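In the order they appear, the protein sequences are chains A and B. 1 is the number of the first residue of the first sequence in the working numbering; add one for each residue after it. 1001 is the number of the first residue of the second sequence in the working numbering; add one for each residue after it. Virtual Cβ for every residue (Gly too), placed ideally from N, Cα, C. Just so we're clear, the structure is a prediction, and the values are computed from it rather than from any experiment.
Protein chains: 2
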Amino acid sequence: MSGSRTEISSLGEFGLIDHLTQNIELQNASSVLGVGDDAAVIDHFGKQTVISTDLLIEGVHFDLMYTPLKHLGYKSVVVNLSDIYAMNATPTQITLSIGISNRFSLEALDEFYEGVYAACEKYGVDLVGGDTTSSQKGFIISITAIGEVAPDKFVKRSTAQKGDLICVSGYLGSAYVGLLFLEREKKIFMESPGVQPDLEGESYVIGRLLKPEARKDIVEFLAQSEITPTAMMDVSDGLSSEVLHICKQSGLGCVLYEEKIPVAEQMRQAAYKFEIDPTACALSGGEDYELVFTIPQDQHEKLVLNEEISVIGYMTESEQGANIITKGGSKYPITAQGWNHLK
Amino acid sequence: MSGSRTEISSLGEFGLIDHLTQNIELQNASSVLGVGDDAAVIDHFGKQTVISTDLLIEGVHFDLMYTPLKHLGYKSVVVNLSDIYAMNATPTQITLSIGISNRFSLEALDEFYEGVYAACEKYGVDLVGGDTTSSQKGFIISITAIGEVAPDKFVKRSTAQKGDLICVSGYLGSAYVGLLFLEREKKIFMESPGVQPDLEGESYVIGRLLKPEARKDIVEFLAQSEITPTAMMDVSDGLSSEVLHICKQSGLGCVLYEEKIPVAEQMRQAAYKFEIDPTACALSGGEDYELVFTIPQDQHEKLVLNEEISVIGYMTESEQGANIITKGGSKYPITAQGWNHLK
Chain A
1 MSGSRTEISS LGEFGLIDHL TQNIELQNAS SVLGVGDDAA VIDHFGKQTV
51 ISTDLLIEGV HFDLMYTPLK HLGYKSVVVN LSDIYAMNAT PTQITLSIGI
101 SNRFSLEALD EFYEGVYAAC EKYGVDLVGG DTTSSQKGFI ISITAIGEVA
151 PDKFVKRSTA QKGDLICVSG YLGSAYVGLL FLEREKKIFM ESPGVQPDLE
201 GESYVIGRLL KPEARKDIVE FLAQSEITPT AMMDVSDGLS SEVLHICKQS
251 GLGCVLYEEK IPVAEQMRQA AYKFEIDPTA CALSGGEDYE LVFTIPQDQH
301 EKLVLNEEIS VIGYMTESEQ GANIITKGGS KYPITAQGWN HLK
Chain B
1001 MSGSRTEISS LGEFGLIDHL TQNIELQNAS SVLGVGDDAA VIDHFGKQTV
1051 ISTDLLIEGV HFDLMYTPLK HLGYKSVVVN LSDIYAMNAT PTQITLSIGI
1101 SNRFSLEALD EFYEGVYAAC EKYGVDLVGG DTTSSQKGFI ISITAIGEVA
1151 PDKFVKRSTA QKGDLICVSG YLGSAYVGLL FLEREKKIFM ESPGVQPDLE
1201 GESYVIGRLL KPEARKDIVE FLAQSEITPT AMMDVSDGLS SEVLHICKQS
1251 GLGCVLYEEK IPVAEQMRQA AYKFEIDPTA CALSGGEDYE LVFTIPQDQH
1301 EKLVLNEEIS VIGYMTESEQ GANIITKGGS KYPITAQGWN HLK
């Protein structure tokens, strides 16, 4: 970034779209027609098309005070792709609409798109369309992701079976603790603008918040290992909330074991600095974008050697409810305390 | 609508989604999986998938002071479907994301969705997904429409040929004049809140603004008549702007005849009340959602009997520029003065 500032109004809407999309090279053979017409055209002969959409609003979903625009662009794409992977599908295209106020310069928007294109390249998806408009207040991002899956190989939330093992990828709760650090430093900065932020040593948890990845590798591993999950979701609101969705939609209960819930050592140390329970962060913190899925017990040996996957419990009859067994051996009902933007 | 008010926060995010989507019945066989999972699944075997997306922001694209929520819901869907028809495709699904502030009641949101579902039913599309979140300010609507088209039968903007006839459906400019009336009455109301709005006799132009329709019938007529347009767009920004897009993207020029541009008599009378030129409204007013398309000259006889289609000019070499011949016989270059939300 140079320090220069170009007013977006100097380009006009179509000039802006040309500028932002000039370097697009379509990667997928299924992307027949991309940006620049009334609509994009996609060719998924012999596959099923999977569609997911997210609306991200400044001040609700992100805070530009501590979110670099490039990271925001990257994350906006990744959270949508995560939904496609959560269907056991492969993302192939996205559309991106943005609403911007005139406080944004062209250079700022370029930074955002740098992140968008970085994510598109990493995950092999094409940006094929969108809409660019002004907003009266704040930055608004709407992304729709399109993917493909072999006929009827998609995995829903409602098809877990009694006795299935509940598995989760990676580590949980880190993004939430990263948010606590950034909110703390923002508060200090607002009160004393001269003070430099103190985020030393917390790059892991902050990185999990600002630059999450979608678990493409897990979906590929499941395919290679010939494991078809019976149900799957991504962890965006928090493990508790997602597991309760699977229970409710599958008409089942579950048991989770606290000691089995994967927590990164950096997150554990960071949580202690806020005097909060790492398990609570893992259960109720959101935005981890890990995958939680269920598999029949007889598939267990196929994934036991994958260190990125933890078995954390199993599905039960509905009557038994959804419970967690603590390290001390006590049993508590699981409650959804995920991020609820409407509260 | 009863006069009651239910706070949206009393339902929570998932309760709200359940409420808004409880009556969905999928109409298209290609809608394999709808609302309620990480993503929707669509089956378009043997067809190409067409995708279009729009972001609509309160205060930029619509004014709730004179836009009934039911009409807004209807129009939000229609403007997206119009883009799909403009590709010579058939819309089959939409996703809808909304951002709402807490000044919205559940009853207000229900009204909006009534309009959404009315449009879905009329055009035979399924609502298959979306996102619901809070906004800090204003109502935000993001719709993505998905459609299907026989392989390589989609129609781009860039493929008009020299000598092709330029055709347009319906009447142009009415929505813009409808907007002038509503803006005038709003201004009067803001200055003297006791004064009742005077929109007597202007229901045609106001209806064209508040409840536009997409030209499904024209696309069906073209298919039945075995006419494949060489280029096509919908008129959202204004005829001038759209024709210039076709010229630029096709590398051609054009000639339009003012006397051939279809203008409704109600619009002409209404424009005179504002002392503005009806032709200027037709050229530069937007939001008509008519279709403008080009056809080879030898296809002309196939559409000459369709009163909903007017031939307004023809494509020329690029060097001749884009011009309009006035009723008085003068020739002027066409300039884009469509609605530019970024200005």
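Beta carbon proximity, residue i to chain A, threshold 8 angstroms
i	result
residue 1342 (chain B)	Unreliable placement is indicated for residue 1342 (chain B), whose pLDDT of 37 sits below 50; the coordinate value is still reported in the next sentence. Taking Cβ atoms only, chain A reaches closer than 8 angstroms to residue 1342 (chain B), which makes this a yes.
residue 1006 (chain B)	no
residue 1228 (chain B)	no
residue 1216 (chain B)	no
residue 1325 (chain B)	no
residue 1136 (chain B)	yes
residue 1240 (chain B)	no
residue 1031 (chain B)	no
residue 1212 (chain B)	no
residue 1026 (chain B)	no
Same chain only: Cβ atoms within 8 angstroms of residue i, ignoring 5 sequence neighbours per side
i	result
residue 1185 (chain B)	1066, 1197, 1198 and 1199
residue 1344 (chain B)	As shown, chain B starts at 1001 and ends at 1343. That puts residue 1344 (chain B) outside it, with no answer to give.
residue 1101 (chain B)	1134, 1135, 1136, 1137, 1138 and 1139
Closest residue to residue i among the options (Cα-Cα distance)
i	options	result
residue 1307 (chain B)	B:1171, B:1095 and B:1084	B:1171
residue 1236 (chain B)	B:1054, B:1018, B:1049 and B:1014	B:1054
residue 324 (chain A)	A:155, A:261 and A:182	A:261
residue 46 (chain A)	A:151, A:36, A:107 and A:83	A:151
residue 1305 (chain B)	B:1221, B:1268 and B:1124	B:1221
residue 92 (chain A)	A:132, A:41, A:105 and A:59	A:41
residue 1088 (chain B)	B:1012, B:1291 and B:1043	B:1291
residue 1111 (chain B)	B:1095, B:1073, B:1136 and B:1128	B:1073
residue 1060 (chain B)	A:16, A:132 and A:58	A:132
residue 1211 (chain B)	B:1077, B:1032 and B:1050	B:1077
residue 1064 (chain B)	B:1316, B:1183 and B:1223	B:1183
residue 174 (chain A)	A:285, A:190 and A:229	A:285
residue 1326 (chain B)	B:1283, B:1287 and B:1144	B:1283
Chain B within 8 angstroms of residue i, Cβ atoms only
i	result
residue 156 (chain A)	yes
residue 41 (chain A)	yes
residue 84 (chain A)	yes
residue 279 (chain A)	no
residue 285 (chain A)	no
residue 315 (chain A)	no
residue 421 (chain A)	In the structure as shown, chain A begins at 1 and stops at 343. Residue 421 (chain A) is therefore absent and cannot be evaluated.
residue 331 (chain A)	no
residue 44 (chain A)	yes
residue 234 (chain A)	yes
Span separating the alpha-carbon of residue i from that of residue j
i	j	result
residue 1319 (chain B)	residue 1254 (chain B)	10 angstroms
residue 1300 (chain B)	residue 1313 (chain B)	12 angstroms
residue 124 (chain A)	residue 1281 (chain B)	45 angstroms
residue 70 (chain A)	residue 18 (chain A)	19 angstroms
residue 294 (chain A)	residue 267 (chain A)	25 angstroms
residue 1342 (chain B)	residue 310 (chain A)	Since pLDDT at residue 1342 (chain B) reaches only 37, below the 50 mark, its modelled position is unreliable, and the value read off the structure follows with that caveat. Taking the straight line joining both Cα atoms gives about 49 angstroms.
residue 1028 (chain B)	residue 1075 (chain B)	21 angstroms
residue 157 (chain A)	residue 1258 (chain B)	58 angstroms
residue 1160 (chain B)	residue 1218 (chain B)	18 angstroms
residue 163 (chain A)	residue 252 (chain A)	10 angstroms
residue 1149 (chain B)	residue 1126 (chain B)	17 angstroms
residue 336 (chain A)	residue 180 (chain A)	20 angstroms
residue 1303 (chain B)	residue 1086 (chain B)	17 angstroms
Where the beta strand (DSSP E) through residue i begins and ends
i	result
residue 1110 (chain B)	Residue 1110 (chain B) -> not in any beta strand (DSSP E); alpha helix (DSSP H) instead, spanning 1106-1123.
residue 1302 (chain B)	Unbroken run through residue 1302 (chain B) is the alpha helix (DSSP H), 1300-1303; no beta strand (DSSP E).
residue 146 (chain A)	140-149
residue 1031 (chain B)	1031-1033
residue 77 (chain A)	Careful: residue 77 (chain A) lies outside any beta strand (DSSP E), inside the alpha helix (DSSP H) at 69-85.
residue 168 (chain A)	165-169
Extent of the continuous alpha helix (DSSP H) to which residue i belongs
i	result
residue 257 (chain A)	Residue 257 (chain A) -> not in any alpha helix (DSSP H); beta strand (DSSP E) instead, spanning 253-257.
residue 1017 (chain B)	1012-1021
residue 279 (chain A)	278-284
residue 221 (chain A)	216-224
residue 178 (chain A)	174-191
Beta-carbon proximity list for residue i, same chain, < 7 angstroms, skipping 5 on both sides
i	result
residue 1004 (chain B)	1107
residue 1036 (chain B)	none
residue 242 (chain A)	233, 235 and 292
residue 114 (chain A)	70 and 73
6 angstroms Cβ shell around residue i - same chain, five flanking residues per side excluded
i	result
residue 1142 (chain B)	1055 and 1097
residue 1129 (chain B)	1035, 1040 and 1095
residue 1204 (chain B)	1266
Minimum Cβ-Cβ distance from residue i to chain E less than 8 angstroms
i	result
residue 334 (chain A)	Protein chains A and B are contained in the structure displayed, whereas chain E is not.
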